[in-house]
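Some notes on the structure that comes next.
Shown next as C-alpha cells:
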C-alpha cells in the first residue's frame, strides 16, 4: 500500500512539473522595420510563462535594391494572459543586426509590444509593433547614420 501511495504521489508530482515546464516553439514571420526595410524569416521562442526569450533570422531587402540577412534577439514579459490562454499581450525589448549586400550594416535596438491569439490547439498568430533607432554603417568606412525606426511584424507560431 505504501508503494502504491508513493508511486501515485510521484506520478502526481511528475504531471505537475510537466505542466509547469517551459515550452519551446518555432514560427514564421514577415517584418517591416522602417518604411524601407523588409524581411521574411523564422524564429524560435523559449517561453516559461513569466518571460519569453526569442531569437530569429531573416532574409532582408532594403527598398528592394539590396539582399541581405539579419538576426535578432528579444525578451518579452506578459502584460495579460499566459501561454495557455486564447490571447495574450507582452512587452519587451530586442536587438537586431542586419547586413545588406556587403555594403551596409544595421544595428537596431528597440522596445516592442506583442499581441498573440490562439487559432488552433498548436498554432497562434501574432502582431508586434516596435519603436527603435537604427544605426546604419556603410562598409567602406564612411560616416554612419542614425534613424528613428518604427517596426511591424506579423506571423504564426507553431507550438
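Residue numbers (this note's numbering): 9 to 167. Don't be surprised by glycine CBs; every beta carbon is placed ideally from N, CA and C.
Quick check on DSSP: helix, strand or coil for residue 91? For the purposes of this step, residue 91 is taken as residue 83 along the chain shown, with counting starting at 1. Residue state, collapsed to three classes: coil.
Considering only the alpha carbon of each residue, which of 77, 76, 79 and 97 lies closest to residue 4? Summary: the structure shown does not reach residue 4, with the chain confined to residues 9 through 167, and so no result is reported for it.
Residues near residue 121 in its chain [Cβ-Cβ closer than 6 Å; skip 5 each side]: If you number the chain shown from 1, residue 121 lands on position 113. If we look at residue 121 and ignore the five residues flanking it on each side, its Cβ neighbours are 99 and 137.
Spatial neighbours of residue 94 in its chain, beta-carbon cut-off 6 Å, leaving aside the 5 residues before and after: By one-based count along the chain shown, residue 94 stands at place 86. Here the set comprises 126.
Which term fits residue 60, buried or exposed, when burial requires 16 or more other beta carbons within 10 angstroms of its beta carbon? By one-based count along the chain shown, residue 60 stands at place 52. By the 10 Å Cβ count, residue 60 comes out buried.
Once you ignore the five residues that flank residue 39 on each side, which residues in its own chain have a CB closer than 6 Å to its CB? Within the chain shown, the letter at position 31 stands for residue 39. The beta carbon of residue 39 lies closer than 6 Å to those of 47 and 161 in the same chain, with the five residues before and after it left out.
Could you say which of 128, 58, 72 and 116 lies nearest to residue 109 if we only look at CA atoms? Locating residue 109 in the chain shown gives position 101, counting from the first residue. Just measuring C-alpha positions, the residue of 128, 58, 72 and 116 sitting nearest residue 109 is 72.
Could you tell me the distance, in whole angstroms, from the CA atom of residue 148 to the CA atom of residue 111? As a first step, residue 148 is located in the chain shown; it is residue number 140 there, counting from the start. As a first step, residue 111 is located in the chain shown; it is residue number 103 there, counting from the start. Cα-Cα distance, rounded: 7 Å.
Every unbroken beta strand (DSSP E) inside the region 111 to 143 [3 residues or more]: Runs of the beta strand (DSSP E) inside the region 111 to 143: 112 to 128.
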